[in-house]
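Single-structure report; data block below.
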Amino acid sequence: MSFSVPKMHKAAFLRKYGERLSIESVQTPQPTGKSVLIKTVGSGICHTDVCIWKGDWVNIGIPPRIPFILSHEISGIIVARGENVPAEWKEGQKVLIYAFYWESEDNYTIRGLTNLAERPKHLGIMENGGLQEYVHIPHYKLLINADGLEDLAAASTLCCAGITTYRAVRTAMNYLVPGDYVAVVGLGGLGAYAVQWVKSLIPYVNLIGIDVREEALEFASKMVMIDAVINASRGNPEKIISETTKGKGVKVIVDTVGSNQTVKTYINTLMRGGVYIIVGLMGINLHIPIYPFVTGERRLIGSFIGTLAQQHEVVELARKGLINYKKVVTKRYRLENVNEAIKELEEKRVLGRQIITYE
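Taking my numbering, I'd label the letters of the sequence shown as residues 7 to 365.
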């Protein structure tokens, strides 16, 4: 199968922080060596994109330059490939992209910890990403076979929201026994996946869902059966959790927000031996009570994206129907309406995940 690839294509450029992305024509690159070119089918809009768009992370070198193309949740179809790409990756193959590329092998990547690479080159964060009609993928090892996924555009969200929460819940599994309580804090795009992973992978625990928005609680409750939902904007969440767990406390908290306020509030609800897993990046500095942490052998763990191997696992589980990625996506926009999508997310008016579609 061969494709006619245009010399130019449309892309959304960040040219000035906090201002509208500019839709422009850009030259379509020709893949060589081990690289491939995909025709984009779906690209997700993540809160990370909003932070980059606003310029919140400029002080840590993200993005490394502007103009810049956002989005690290990417799905598409191979339309051209370099001469050193294995034959299994043919033109016409549907793929998802593991966007968290690394520049060279190191002590982490050779052990499979690709998410901890010392020299990351993440697409959509450090290198141009998926908000364009065609995306150049620097190495075929980033390709994930997407055969069997019914909605390729929606499946793009498996590449950040899906894998990030999968890794966190897999970590949680190491500490849980039947009857324990697990709380997911924040039921947005990440939380909508997290509650599904808990129910699919550890159905023997009690699941608590927490958010400050009633509509988010209702949305997540449509995904799976949540044992207890807590609207943290009403009443004292610490007291409600104590009552819900009958004074036992929560064994594992998966915090998809990661703000100073969420950690300050929910860290006190951990039982002895409990584990607080931070996934979200909304905070800057954290203050935790040292004495109860030490004497109660509680743990605080950071969880960052997921490995390349875990991305393959996530796609296989989605293929088997253990996760409903299609229901997570609530809004679809065309590339020319990308600024509306970013504004919706910035103003916290999005349930689940929203994507840009190209077909």
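Every residue gets a Cβ at the ideal spot worked out from N, C-alpha and C, and that includes glycine.
Residue nearest to residue i in terms of C-alpha spacing, selected from the options
i, options, result
"D233", "S239, I103, V211, E220", "V211"
"A315", "V85, S8, G48, T115", "T115"
"I150", "I329, V204, I290, Y104", "Y104"
"K205", "E109, G39, N330", "N330"
"T250", "V263, G195, L276", "L276"
"C166", "E79, I296, T268, L287", "E79"
"W108", "T301, K96, P144, G241", "P144"
"Y2", "D217, G279, T262", "Here the chain comprises residues numbered 7 to 365, so residue 2 is not present and cannot be evaluated."
"D217", "G195, V191, G61, I75", "V191"
"T46", "T313, S309, Y140, M231", "Y140"
"L207", "I68, H142, E94, V183", "V183"
"K40", "C52, L328, H142, Y297", "H142"
"A54", "Q36, G135, G253, L102", "One detail in the question is off: residue 54 reads as Thr in this sequence, not Ala. Here the closest residue by C-alpha is G135."
"Y282", "G168, K349, R304, Y364", "R304"
"V11", "E25, Q36, K22", "Q36"
"V230", "S248, I246, A198, R219", "A198"
"A189", "E220, L148, G168, I246", "I246"
"K22", "C52, D62, S8, F9", "D62"
"Q317", "R117, L148, D112", "L148"
"I131", "C52, E111, S110, F9", "C52"
Buried versus exposed, by CB contacts within 10 Å (16 or more), residue i
i, result
"I5", "Because the chain is modelled from 7 through 365, residue 5 falls outside the range shown and cannot be assessed."
"V2", "Outside the shown range of the chain (7 to 365) lies residue 2, about which nothing can therefore be said."
"E133", "buried"
"Q202", "buried"
"I236", "buried"
"N65", "exposed"
"E342", "exposed"
"F378", "Only positions 7 to 365 of the chain appear in the structure, and residue 378 is not among them; the question remains open."
"A200", "buried"
"V300", "exposed"
"T170", "buried"
"G50", "buried"
"R355", "exposed"
"P298", "exposed"
"P209", "exposed"
"R240", "exposed"
"P243", "buried"
"S309", "buried"
"I374", "Residue 374 is absent from the model: the chain starts at 7 and stops at 365."
"G215", "buried"
"R359", "buried"
"I296", "exposed"
"G67", "exposed"
"Q267", "exposed"
Contact under 7 Å by Cβ, residue i with residue j
i, j, result
"V85", "L43", "yes"
"A17", "I58", "no"
"I83", "K96", "no"
"L196", "T262", "yes"
"P70", "F19", "no"
"A159", "I361", "yes"
"T34", "H15", "yes"
"L357", "V56", "no"
"S81", "L137", "no"
"K333", "D157", "no"
"L193", "A222", "yes"
"G312", "Y146", "no"
"V269", "L27", "no"
"K60", "G24", "yes"
"A324", "L119", "no"
"G286", "G264", "yes"
"T363", "G48", "yes"
Segment limits, beta strand (DSSP E) that includes residue i
i, result
"F19", "14-19"
"A189", "187-191"
"L213", "212-217"
"Q33", "28-33"
"G280", "276-284"
"V175", "That residue, V175, is in no beta strand (DSSP E); its alpha helix (DSSP H) goes 167-179."
"S81", "79-87"
Segment limits, alpha helix (DSSP H) that includes residue i
i, result
"K245", "243-250"
"N266", "266-272"
"Q316", "314-325"
"Y200", "For the record, residue 200 in the displayed sequence is Ala; it is not Tyr. Segment 195-207, the alpha helix (DSSP H) holding A200."
"G50", "Run containing G50: none in the alpha helix (DSSP H); it sits in the beta strand (DSSP E), 42-51."
"K3", "This structure cannot settle anything about residue 3, because the visible part of the chain is limited to 7 through 365."
"Y339", "It is not in any alpha helix (DSSP H) - Y339 instead sits in the beta strand (DSSP E) that spans 335-340."
"N345", "344-352"
"L158", "158-161"
Proximity test, Cβ basis, 7 Å: residue i and chain C
i, result
"V285", "In the displayed structure, chain C is absent; only one protein chain is listed."
* To do: Would you check if the region 256-275 and the region 222-232 touch, i.e. whether three or more CB-CB distances between them fall below 8 Å?
  => no
* Taking one C-beta from the region 171-190 and one from the region 336-349 each time, how about it: are there three or more such pairs within less than 8 Å? -> no
* **the region 78-98 / the region 120-127 touching (three or more Cβ pairs under 8 Å)** => no
* **the region 286-302 touching the region 151-160, judged by at least three CB pairs closer than 8 Å** => no
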